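A.B. asks: Shown below is the structure under consideration.
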C-alpha cells in the first residue's frame, strides 16, 4: 500500500511538472508572439520615421528655395521702389520753367524797349527798388 501511494504521489508530481512545463511553454510561446508583433511594429515605425524625415527634408529644401526666390523678388522690388523714389526726387528738384511769354496776348512780360523801363522806374521808383520790395510792411 505504501508503494502504491508513493507511485501515485510520483505520478501526481510528474503530472504537475508536466502541466507546469506545458503552462510555461504556452506562456513562452505567447511572449514570443507578442515580442514578434512588437518587433514588426517597431520596424514599421522606423520606416515611417525614415519616410517622414525624407519628406521633411524635401519640404525644407522647397521652403528654402521659395525663401530665396522671395528674397530675390523683394530685393528687385526694393530696387524698383528706390529708383522710382530717386526719379520722383529728381523731378521735384527740377525747377519749373518760368513763363515770360503770355500765350493769350502773345507778348512777353517786360518792356520791349529799355527806354520804357527807365521811364517806368522814374515814375514809380518803389516798384523797381529791391530794398523796398524786400520789406514786408511797405505797400507798393
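Numbering (the numbering used here), first residue to last: 133 to 272.
C-beta atoms are modelled at their ideal positions from N, C-alpha and C, and glycine is treated no differently.
Bear in mind that the values here come from a model prediction, so they are computed numbers and not experimental data.
#1: Out of curiosity, what's the CA-to-CA distance linking residue 203 and residue 216?
#2: Once DSSP output is grouped into helix, strand and coil, what is the label at residue 272?
#3: So what does DSSP say about residue 256, is it helix, strand or coil?
#4: What number of angstroms, rounded off, separates the C-alpha of residue 137 from the C-alpha of residue 146?
#5: Only counting runs of 4 or more residues, tell me where the alpha helix (DSSP H) segments fall wholly within the region 170 to 196, in order along the chain.
#6: Please report how far the alpha carbon of residue 252 lies from the alpha carbon of residue 213, in whole angstroms.
C.D. replies: Let's see:
#1: By 1-based counting over the chain shown, the position of residue 203 is 71. By 1-based counting over the chain shown, the position of residue 216 is 84. Each residue's CA atom was taken as its position, placing residue 203 and residue 216 some 20 Å apart.
#2: Against the chain shown, residue 272 aligns to sequence position 140. Unreliable positioning characterises residue 272 in this predicted model, as indicated by a pLDDT of 49, which lies under 50. The coordinate reading is nonetheless provided below. Correct three-state label for residue 272: coil.
#3: The count along the chain shown starts at 1 and reaches residue 256 at position 124. If DSSP states are grouped into helix, strand and coil, residue 256 belongs with coil.
#4: Locating residue 137 in the chain shown gives position 5, counting from the first residue. Locating residue 146 in the chain shown gives position 14, counting from the first residue. Whole-angstrom Cα-Cα distance: 14 Å.
#5: List check, alpha helix (DSSP H) in window: nothing returned.
#6: Residue numbering aside, residue 252 sits at position 120 when the chain shown is read from its first letter. Residue numbering aside, residue 213 sits at position 81 when the chain shown is read from its first letter. C-alpha separation (whole angstroms): 53 Å.
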